[in-house]
Each structure stands twice: as C-alpha cells, then as structure tokens.
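S.K.: Before anything else, here's the structure in question.
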Amino acid sequence: MPVIDVDPDELRELTGQRLDDEDLLADLFELGVEYEGTAEDGAFKLEFEPDRLDWLSVEGLARALRYNYGEARGVYVPDTNDAEWTIEVVDTPPERPYVTGAVVRGLDLSTTALASLIQLQEKLHATMGRARGKGAIGVHDLTMLKGAPVTGRDDGRGKSLTYTSMDPDDERFVPLESNAEFTPREVVERHHIGTEYADLVTDLPRYPAIYDDIGLFSFPPVVNGRRTEVTPDSRDLLVEMTGTNQWTIDRMLNVVCYALSARGGQIERVAVQYDATAPGEHAGDTLDRPNLETKQKTVAHDRVESVLGRTFDQETVVDCLERSGLSVADTDDNPDSYEVSIPPYRVDVLHPIDVIDDIGRAYGFNDLGPRYPDVSTVGGRHERSRLEDVTRETLVGLGFEDLLNFHLTSEPETFERMRLSPEDDAVGGGRPVSIGEPYSAAYTIVRTWALPSLVQVLENNTHRSYPQHLAEVGMVAARDETENTGVAEHRTVAGVLADPEASYEDARARLQALVRAFGAGLETPPTAHPSFIDGRSGSVVVDGESAGIVGELHPAVLVEHDLELPVAAFEFRLDAVQ
Amino acid sequence: MQLPEAQVAVLRAADAQEDRPITEIAAETSLKPETATGAAFALEEAGLVAVTEEPTERLALTAEGRRYVEAGLPEIRLHEAAREADETGAAIGAVVDAAGLDGDAVDIALANFARKGYGEIERGEVRPASDADPDEDTEAAALAALAGDEEPSEGPFDRLVERGLVTRREETRRLVALTDEGVTALMGGVEAADRVDRLTPELLTSGEWRDVDFAEYNVAAEAPAVQTGRKHPLRQMADRVKNVFVGMGFEEMQGPAVDADFWIHDCLFMPQDHPARTHWDRFALSEPESIDELPPALVERVRTAHRDGVGPDGEGYRSPWDEAFAARLALRGHTTSLTARHLAGEALGDLEPPQRWFSVQKAYRNDELDATHLLEFYQIEGWVMAEELSVRDLMGTFTEFYRQFGITDLEFKPTYNPYTEPSFELFGRHPETGERIEIGNSGLFRPEMLEPLGVEADVMAWGLALERLMMLATGAEDIRDVHGTLVDLEYLRTEEVLY
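Chains as they are written, first to last, in this note's numbering: chain X, 1 to 578; chain G, 1001 to 1499.
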C-alpha cells in the first residue's frame, strides 16, 4: 500500500483547522488513512489504500478533511481556460496508443509543492499506472517548449506537440539526470532511469516519443528530456500522460490537475487530436482534455439503511454525501433514492455501493456500533477435517510428536536424497506439481510424499534427545490428467521412529494399531522401495487396497541425512481407512 | 504370623500390664516416632494392641528463658554484683554495669531483686541481703530442669509463665498396651516380613502382598524425562479456532490448494491487471499450467461483470479480461477461492441463506522466508450469508469472534479490497501488552462478485493468518520455529499447551 510523507503543519494550513496531532490522526483513521510513524523531518508517514488516489498528496488529503469538517460541500470542478496547445497523435506505437494532457499556469513551486507533485506522480505510477505500464506521467516546464503549427489549421493560431514513435537508434537527446546525449536504445541500456523501465519498451520495434518544434523532449514511459525539466522556478507546466487505456490516463490527469489547482494553478485545456490512421479506438477523434465531467449514480435510501444497519433521515444522508465531496440532486421528486454526482478525480466509484461506503465514512463507521446478527445456523466440522483430527489424536496416543511441514519442497529433497526417482512406480514417485518462477531453489515443487519432510526434521534435530517418534497428517499432490486441475491432492499419514532400537516391527506395530483403530484390515506383503532396506519393507494394504509403504529406511538415506541410528517408517493415504 | 518390621518391633515392646507412651517405644526400638505411631495404629486395626490417647501439658523454655539458663537470672546477677562491690551498699549504676545488665534486663532485675529478698534499694544504693542464697532460687532451678532432658513435675511454673520465660503447650500423648490377641500372637510367634522393591503380579495373586514391607522411595525426587506425543502447537491453535467457529454456528469448507486463477481472483472481481495478479509473488504453476474446464455460463457472467459492472449504473474495469489467463493454475494465495466455489454452488450446490462457513487452511505466497513471512501460512476465513446484512452485523460478529481470544476494543478502519465494500481493516487491543494491533481484514462482498456467482443475499467475510493469531496468543516472535522442517523438536516438546 502506498505510504506518503505529509507535513502535518502544511496539512493543517491547507485544511484551515487547528487540530492537535492526535485528533488529526483520529480523523484520518476514520477516513481510512493509517498513521505509520513520523519521519525524521517531522512529516507523518501515512498509509493509503489504492482506491483513493486523489488523496495521495497533501492537497488531496486536505480537501478530504475540509469536506469531512463541512468546510467544503459537494462536487467542486475547477474552471478551465480554452486550449492553446494541441497534441497531435500520429504513427504511435500500437502497444501504447493513447495520450492525454493539460496545461497548468501560474504555479509557485518554490515551496514544498514541487516535492508533493513528484511524490504524487510516483504514487500514481505505482498504483493506477501499474508501474508506468498502463499509464505514465510526464511533467514539463511549458516555457521550454516551442509549439509547431497545428496540422489542418490555417489561421496560424495554436501550438502543437506530436505524440508519435521513433526508431530506437535514429534519435538523440539529453535525458533527465544526465549531461550527455543518448539514443533511446542507449537510454534503456545504460541510463539509470532507463534501465529500470526498459522492460516496457525493449520489445517494441519503434519507441514512443513526443516532439515539439525543436525536437524530441519526452521518451514515455521511460524518461523525459532534460530540456523541459521542471524546477522550483517553473510557473507554467505541461502535463502529458501516455498509456494503454484512455480512461485510465484521463483519470490520472484529473488527479494531478486537482492537486495543482489546489496549489493555485490555473488549468488550461489541451486538444488531443488523433490522426485518422492512429491505432486504438480514438482514430480521427479530437478530445478536449482534461475531461472534468462528473458522473451520476443512483443510490437507494433503503440500501443505505440496510448496509449501514440503521435508519437515517434524508438530511443526514445528504449531509454525509456532501461531506464526501459528492453532490445530490434535489430529492423532492424522489424521496426513495439519491441522484449523486461523482467528481472527476474519483477512480474508485463503480457502483452505488461505493457511494454508500462514502456515507459510512462520513458518518463514522465506528459510531454505528456493533450488533450480533439475528441469524441462526448450525455449525460443524467437515468430515475430512474430523478424519484428519482423529488420526492425529491416535498417532499422538501412540507416542508420536505431531508435525506440521511445508507442502512446498524441492526435487532433490523429495527424490535424490531419498534414493527415489520421479519415474519410480513407488510411493513418492510420479511427476510433481511444479512452480513456474520459484523464488528459492528450496521450494520448487509440491511434495509427492511426506516422509522426506519427516526425515528432514530428523536431520535438523540430531542434537536433540532420542527416541524421536514423529508423525504428520498432511497434504501431498501429484500430476493427474484425470483431474480438472490436472492435480490430485491427497491427505497422507507418515510416521518415523528414530531410535537406537528401532526396527521394522516397531513401525508395523504402530501402523497396525492405527489402521485397526478404524476397523480396517492391514496386510503388508513384501515390496521393494528404493528408500528402504530390501527384505525389510512391505506394501501397506488396507482392506485389500494398496495405500502405502512401511519398512526400515535404507542406510544410504540415513547417512545422506547425517543420521546415526536406524529409522523405521511408514506412509499411507488417509482415504484408505475411510 | 508375619508382620512388617516396624509392627513387629512395636508389638514386642508393648506391655499387656502397662500403657506405654509411643515416644518411649519409639526410643526403645530406634524407630522414627511417626513410623512407630503408624505401626501402632496398624496393629490396633488388626486388634493386637490398644491405643489410648491422653491429653498432657508440656512446658517449654522461651528464647528469653533459655538465655537465663546460660547467663543466670538478672536478679541473681544483680545480687552477685552487689555483694562483690560492697555488702553495705554501692551506687546502683556501678552495680548494674558490673552485673553486665542493660535495657529491659535492668528493670527485670530490680523488680525481682526485692520481691525475692535478695536485698533492698535505698537512695540510689543497692544493699544485698546477706542471708539470700541464689543456689536455693526455685525459679532458677526449674529453668535449669526444663533445659535438661527430664521434665520436672513441680516448680513455680505459673510465675515463670507470667515472666514469659516458659510456655505451656497442650499435647496428646498416645499410649500403647497389648491386647489379649496381641499376647496370643506373640506367644504364637511373630516375625518380620520381607522388604520388597516392586509390587509384582505374583505378590498380588498369591496374597503375599499382605505380608510384605515395601521399600520406601524418594518420592520427592525429579523423575527421568518421558517421551510424549502431542499435537503441534499451531495445530492446537487451529483446533481452538475451529471450535470457536463451530460454537458460533459456522460449518467448515474444504477445497483444492491448486486452483485456477478464475476461482482465486476473477470470481472475486479482482481485475486481471491487479498488482496481486501480476506480481511475481503469485505461485503460478509451470506444470500443469491450466485448468481443463471452467463453468462456461459463469465465465461469461464474470467476464461481463469485469467489463461492464453490474446493475443499472454499474461500471466495469478498464482492464483486459482473458479467459486463458483466468484458467491458469496457481497455489491459492488466499482461501477465499473456497468461498468463491461455495458461493457459486460449485462445491456443494446452491446455498440458500442463512449460511455461516469457515475454513482454516493453507494459503501460499512466493516470497522470501523471514521471521514473519512464510511461503505457506494458514488462513482463517469466515463468511456469513443472510437476506440482509449490515456493517453493524459484521462488527458484532467480529467483536464476538475476537473476544474468544481475549482481543477486545475492536476498531474498524475503512479500507479497500477489490471484492468487498464497505471494507475494513480490523484493529484490536493485544490481550497482554494492550497495544493496538491489526487483526484481520473484512467486508461485505461487492455486488460485482455476488451477482455473477448467482447470490442474491448479502455476504460478509473476514480473514487473517492463523500464525498471526498464534503469535498474538503466545508471544512467539519467529514463525519459522513453529512451522516447517526447520522446527526444533525441543520447541514442540516444551511449548505450553493451548486450550
């Protein structure tokens, strides 16, 4: 979850409230913002959920609090000036077809505003932008840009930029945080920002590019050019966003525009002019951006009451809505529901239930009070859970220490170290279920049998006193084409007796006690298994069905695990005793 | 007749004509007084002796009395010092010093000096009586006698008790006398039975156990360690959680650990480009890769919900939705996949409200192993379905659930989950330390999740890691010690049981 640093004094100033830290944090908690500690410079570290991206800046958070305190009410939409700039879209990479933008003028970035803007940009990239894949933001000093004549406009007015594509080797520019010229390919190979985002573009035949009349100034989604770098002295900004989804980048743009507007910036629209041949769903369209239209949701009054669990009068609901920054159309005509307007920076409202959640936050969920639901049901354990449990109880009664091992393990532990091979037609053999991209070589497959886990526990506890009688009832799995998932999962019962006196008979004795406890018959005809001593291993046959193995572990297996005493062991499928 | 050794000794020492005190018999037979007493009662039960009890009074020196036995009574010491100084009188201060008296002893000496006629005090001078003889002091003699072995029968004991030098104690004296049967038994011959170490089956079946004497053990000593079988502590915690659920009317779910992303994520209205689905900590399988079959009608409903949302003014995600991606297999990252299968009717057929279900099962996460993060952990999952449920019902249920584990003062922080709204992170008060701790995540399932699954009622759910609850309940700090092949058997053998 994103954590941002917020200066509490700046927040108080933007909110216009003189609250002490404790009250401020309590109010934020009720809104869903968690205090994670204080940074060295005194800033609050606040953790946000990724639904309220509009809160990812001190400006957005202050707006939320002002609403909550009733200092502001209803939807606010900033005024915008007419577009002077046009972004022409032509020959873009089909993998990244969309662009949007806005101009913001008259800012003072000399204070903390610039840091706040950079932080907001980073958090938007990490969340909605999906690490810049779905949407990437570029912010530029507008005065450093030179507009070209707008295509198809003969009055000579307006300035244009072009979002297009470029040959990775046939262009040069000076990227941010560098003094040298690079080709785009050199940027993704060598530049410290470029290498971080290289995966987003290296597979593309042509890279995304934005030009002004002077040349290339932005290489989205990787890095901007140094020429247009924003500094504390910048007053007028161009904000551009490129991505794989127009709606997503338009919303990200709205969040940034609201934050800059709260800092006193004047928003000026930008025309996004898609060429008729441009890839994507807007070919031939001209979009007027930012799109600050509100959207509407109809919220039923009785649903508000049923979700929040109490009755409300309409005034309370309307008050809560307005203190959430939402507007409500006149309710006189329709007393049963609310026509609610949602401001353009909200990305999380998909359904009326999201508006009800806002009402709850504004009212204060913790003020509703708990109530035990008047619903009667009958509880019970699953049959398999009871079977596992009684097996475990029986093993414990036989003196076994109950273990709980991981289901994940590696092929060497499961096979080689047990002298077994996946090809063997023996307990533990068979093709294992494998992890695609394992983090650790120790955990690459789901175990096919549990005895290796028990032998590992013995291996890790040779310094502890003997006898060590260990058992586990747990899951194993193997490939099985007849299953819908291609995987057969079983519950297995495994036990080891590590003891200077341990013999086959000791394992057989406990096994037969366990099997007979279920009223089942046990036979153990001789069988061969690579992990066991020949002539001292038997197949576990329960009521005529072959279900496992019992015997004395092979000395080579013992030595492999640094064990210096005999181990008798058994393992069988639990469903055999059902 | 064979009797245990001690009984033989007591029987032989007892007399038919005279009641003898047990203490005397014990001294004579070299038995411990309690052994002799036990033997006497056993003999009485067999009718061989009669035991009578007699209350007696015992006198004993107090600490002060014992001091005077050593140093002499203060009045005598004053008398002797006075005589040595001058028989016609000496200054009181000098005499007291010479007698080595100080503090309370001075007053005691002066008070008794005159009373017992050792002399007079006049005008600050001590005049000893010349005819007084300390050797005839009966109080000194009685004290000396009490200090000796014999208890004197006569003496100024009332006075000594009054002076706090002697105490009186009531005691019961037991006296033993042979009965006629005892005499007969002795005449018939009595011998000591063998001392035996172990009670054997032979002793029991032959009846010989009646005649043997069991060697005494050191019953206070520590015994050797015993090998115990016991349930794993985390399993004990799981059992406790399950009991709480069942007690609250919840039924238990089971289902596959390897499952299609469709059940793990898509049915939960998790967009396919959600970071949790693309992040490499997801445990995707390379073999096998995909599920064979998903229910086609449900797939279409889920696809529509992701694309268009549900309801008249619902909206979907602006994210691609691909059935092949949904069919990819993974080890479940949460057990909410079981909930999805149950709600869809896939596990047990359609469920009509009301319902309460839970599971305590493993979930998997492809991450680095450290003190608080395991690749596998047990997720506690619970959900309730009813015609109508509110966030207050949710709060009431969780308050009750966590109270069972001593966690109180619940607070609900609004949060975001793709599949619940409203959603809450749960915070509670730690049972030991009192600090505020995060104890789970919860919410009401979104309509975009429930509608495609065909659920027309409200459903609320919550989850947390069993290991987390265990750490809170036991104070364990490193869960690698608890779960997996790195477990230390010493921990399993010595960890306190949970109930």
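In this text, a Cβ means the ideal position worked out from N, Cα and C, and glycines have one as well.
Buried or exposed, going by whether 16 or more other CB atoms sit within 10 Å of the CB of residue 80 of chain X?
M.R.: Taking the first sequence and counting its residues from 1, one reaches residue 80 of chain X at position 80. Its Cβ being crowded by 16 or more others within 10 Å, residue 80 of chain X is buried.
S.K.: Could you tell me whether the Cβ of residue 1499 of chain G comes closer than 9 Å to any Cβ of chain X?
M.R.: Here residue 1499 of chain G refers to the residue found at position 499 when the second sequence is read from its first residue. With 9 Å as the cut-off, residue 1499 of chain G does not count as an interface residue toward chain X.
S.K.: Going by the CB atoms, is the gap between residue 1179 of chain G and residue 1048 of chain G shorter than 9 Å?
M.R.: On the second sequence, position 48 is the one that residue 1048 of chain G refers to. On the second sequence, position 179 is the one that residue 1179 of chain G refers to. Contact flag set, yes.
S.K.: Enumerate in chain order the residues of its own chain whose CB-to-CB distance from residue 1441 of chain G is below 8 Å, with the five nearest sequence positions on each side excluded.
M.R.: Taking the second sequence and counting its residues from 1, the one referred to as residue 1441 of chain G is at position 441. Correct list, in chain order: 1415, 1417, 1423, 1424, 1425, 1426, 1462, 1463 and 1464.
S.K.: Please list the partners that residue 1232 of chain G has in chain X, where partner means a Cβ-to-Cβ separation under 7 Å.
M.R.: The residue labelled residue 1232 of chain G in the question sits at position 232 within the second sequence. Within 7 Å Cβ-Cβ: 402, 403 and 404.
S.K.: Any C-beta of chain X sitting closer than 9 Å to the C-beta of residue 1250 of chain G?
M.R.: The residue given as residue 1250 of chain G occupies position 250 in the second sequence. Yes, because at least one Cβ of chain X sits closer than 9 Å to the Cβ of residue 1250 of chain G.
S.K.: Do you know offhand how far residue 1034 of chain G's Cα is from residue 1046 of chain G's?
M.R.: Looking up residue 1034 of chain G in the second sequence gives position 34. Looking up residue 1046 of chain G in the second sequence gives position 46. Answer to the nearest angstrom: the Cα atoms are 18 Å apart.
S.K.: Locate the beta strand (DSSP E) running through residue 1440 of chain G, then write down its first and last residues.
M.R.: If you number the second sequence from 1, residue 1440 of chain G lands on position 440. Note, residue 1440 of chain G: beta strand (DSSP E), 1436 to 1445.
S.K.: Indicate whether the contact test is met: 3 or more Cβ pairs, each with one atom in the segment 386 to 400 of chain X and one in the segment 1226 to 1237 of chain G, closer than 8 Å.
M.R.: Yes: at least three Cβ pairs fall under 8 Å.
S.K.: Against chain G, does residue 247 of chain X count as a neighbour if the rule is that its beta carbon must be under 9 Å from one of theirs?
M.R.: Along the first sequence, read from residue 1 onward, the residue named residue 247 of chain X stands at position 247. With 9 Å as the cut-off, residue 247 of chain X counts as an interface residue toward chain G.
S.K.: Which residues share a DSSP beta bridge with residue 273 of chain X?
M.R.: In the first sequence, residue 273 of chain X corresponds to position 273, counting from 1. Partner(s): X:88 and X:286.
S.K.: Does the beta-carbon distance from residue 548 of chain X to residue 570 of chain X come in below 9 Å?
M.R.: Here residue 548 of chain X refers to the residue found at position 548 of the first sequence. Here residue 570 of chain X refers to the residue found at position 570 of the first sequence. Cβ distance < 9 Å, so residue 548 of chain X and residue 570 of chain X count as in contact.
S.K.: Which residue or residues does DSSP assign as beta-bridge partners of residue 164 of chain X?
M.R.: Residue mapping note: residue 164 of chain X aligns to position 164 of the first sequence, counting from 1. Its beta-bridge partners are X:209.
S.K.: Relative to the C-alpha of residue 1311 of chain G, which residue among G:1456, G:1407 and G:1491 is closest?
M.R.: One-based indexing of the second sequence puts residue 1311 of chain G at position 311. Selected option, being the one with the closest Cα: G:1456.
S.K.: Can you give the Cα-Cα distance for residue 272 of chain X and residue 1338 of chain G, rounded to whole angstroms?
M.R.: Taking the first sequence and counting its residues from 1, the one referred to as residue 272 of chain X is at position 272. Taking the second sequence and counting its residues from 1, the one referred to as residue 1338 of chain G is at position 338. Approximately 47 Å between the Cα atoms of the pair.
S.K.: Reducing DSSP to helix, strand and coil, say where residue 341 of chain X ends up.
M.R.: The residue labelled residue 341 of chain X in the question sits at position 341 within the first sequence. Strand at residue 341 of chain X.
S.K.: Is there at least one Cβ from chain X nearer than 9 Å to residue 1014 of chain G's Cβ?
M.R.: Position 14 of the second sequence, counted from the first residue, corresponds to residue 1014 of chain G. Closer than 9 Å: no.
S.K.: So which residues on chain G does residue 428 of chain X lean against when the C-beta distance must stay under 8 Å?
M.R.: Counted from its first residue, the first sequence places residue 428 of chain X at position 428. Within chain G, no residue comes near residue 428 of chain X; the closest Cβ sits about 16 Å away, beyond 8 Å.
S.K.: So, using beta-carbon positions, are residue 16 of chain X and residue 71 of chain X closer together than 9 Å?
M.R.: In the first sequence, residue 16 of chain X corresponds to position 16, counting from 1. In the first sequence, residue 71 of chain X corresponds to position 71, counting from 1. In this structure, residue 71 of chain X lies closer than 9 Å to residue 16 of chain X by Cβ.
S.K.: Run through the DSSP bridge pairs and tell me what residue 526 of chain X is partnered with.
M.R.: Taking the first sequence and counting its residues from 1, one reaches residue 526 of chain X at position 526. Note: residue 526 of chain X sits in a beta bridge opposite X:538.
S.K.: 9 Å is my cut-off, CB to CB: does residue 380 of chain X come that close to chain G?
M.R.: As a position in the first sequence, residue 380 of chain X is number 380, starting the count at 1. It does; some Cβ of chain G falls within 9 Å.
S.K.: Tell me which residues share the same chain as residue 260 of chain X and place their Cβ nearer than 6 Å to its Cβ, disregarding the 5 neighbours each side in the sequence.
M.R.: Here the question's residue 260 of chain X lines up with position 260 in the first sequence. Only 104 meet the Cβ criterion.
S.K.: For the candidate residues X:445, X:139, X:63 and X:158, whose alpha-carbon lies nearest to that of residue 226 of chain X?
M.R.: Taking the first residue of the first sequence as position 1, residue 226 of chain X is located at position 226. Measuring from the Cα of residue 226 of chain X, the nearest candidate turns out to be X:139.
S.K.: Can you find at least 3 beta carbon pairs, one from the segment 530 to 544 of chain X and one from the segment 483 to 490 of chain X, that sit closer than 8 Å?
M.R.: They do not touch, by the three-pair rule.
S.K.: Quick one: using the 10 Å Cβ neighbour count with 16 as the cut-off for buried, is residue 146 of chain X buried or exposed?
M.R.: Residue mapping note: residue 146 of chain X aligns to position 146 of the first sequence, counting from 1. Result: exposed.
S.K.: Output the boundary residues of the alpha helix (DSSP H) element that contains residue 1509 of chain G.
M.R.: Chain G is shown only over 1001 to 1499; residue 1509 of chain G falls outside these bounds and no answer can be derived.
S.K.: Do residue 497 of chain X and residue 556 of chain X have their beta-carbon atoms positioned less than 9 Å apart in this structure?
M.R.: Within the first sequence, the letter at position 556 stands for residue 556 of chain X. Within the first sequence, the letter at position 497 stands for residue 497 of chain X. Against a cut-off of 9 Å, the Cβ pair of residue 497 of chain X and residue 556 of chain X comes out as no contact.
S.K.: Looking at the secondary structure, which residues open and close the alpha helix (DSSP H) in which residue 185 of chain X lies?
M.R.: Here residue 185 of chain X refers to the residue found at position 185 of the first sequence. From DSSP, the alpha helix (DSSP H) with residue 185 of chain X extends over 184 to 190.
S.K.: Ordered along the chain, which non-local residues of its own chain (more than five positions away) have a Cβ less than 7 Å from that of residue 323 of chain X?
M.R.: If you number the first sequence from 1, residue 323 of chain X lands on position 323. 67, 68, 70, 73 and 362, listed in sequence order.
S.K.: Whole alpha helix (DSSP H) runs in the segment 1067 to 1139 of chain G with 4 or more residues, listed along the chain?
M.R.: As far as the segment 1067 to 1139 of chain G is concerned, its whole alpha helix (DSSP H) runs of at least 4 residues are 1074 to 1085, 1092 to 1099 and 1104 to 1115.
S.K.: For residue 93 of chain X versus residue 208 of chain X, is the C-beta spacing smaller than 9 Å?
M.R.: Here residue 93 of chain X refers to the residue found at position 93 when the first sequence is read from its first residue. Here residue 208 of chain X refers to the residue found at position 208 when the first sequence is read from its first residue. Cβ atoms of residue 93 of chain X and residue 208 of chain X: closer than 9 Å.
S.K.: Would you call residue 1296 of chain G buried or exposed, if buried means 16 or more other Cβ atoms sit within 10 Å of its Cβ?
M.R.: Locating residue 1296 of chain G in the second sequence gives position 296, where the first residue counts as 1. So residue 1296 of chain G ends up on the exposed side.
S.K.: Find out if the Cβ-Cβ distance for the pair residue 401 of chain X, residue 458 of chain X is shorter than 9 Å.
M.R.: Counted from its first residue, the first sequence places residue 401 of chain X at position 401. Counted from its first residue, the first sequence places residue 458 of chain X at position 458. No, the Cβ-Cβ distance between residue 401 of chain X and residue 458 of chain X is not below 9 Å.
S.K.: Let's see if you can read the secondary structure: which residues bound the alpha helix (DSSP H) around residue 389 of chain X?
M.R.: Along the first sequence, read from residue 1 onward, the residue named residue 389 of chain X stands at position 389. Run containing residue 389 of chain X: 383 to 397, per the alpha helix (DSSP H) assignment.
S.K.: Any C-beta of chain G within less than 9 Å: which residues of the segment 348 to 363 of chain X qualify?
M.R.: Taking 9 Å as the Cβ-Cβ cut-off against chain G, the residues of the segment 348 to 363 of chain X that qualify are 348, 349, 350, 351, 352, 353, 354, 356, 357, 360 and 361.
S.K.: How many angstroms separate the CA atom of residue 98 of chain X from the CA atom of residue 1316 of chain G?
M.R.: Within the first sequence, numbered from 1, the residue matching residue 98 of chain X stands at position 98. Within the second sequence, numbered from 1, the residue matching residue 1316 of chain G stands at position 316. Each residue's Cα considered, the two are about 20 Å apart.
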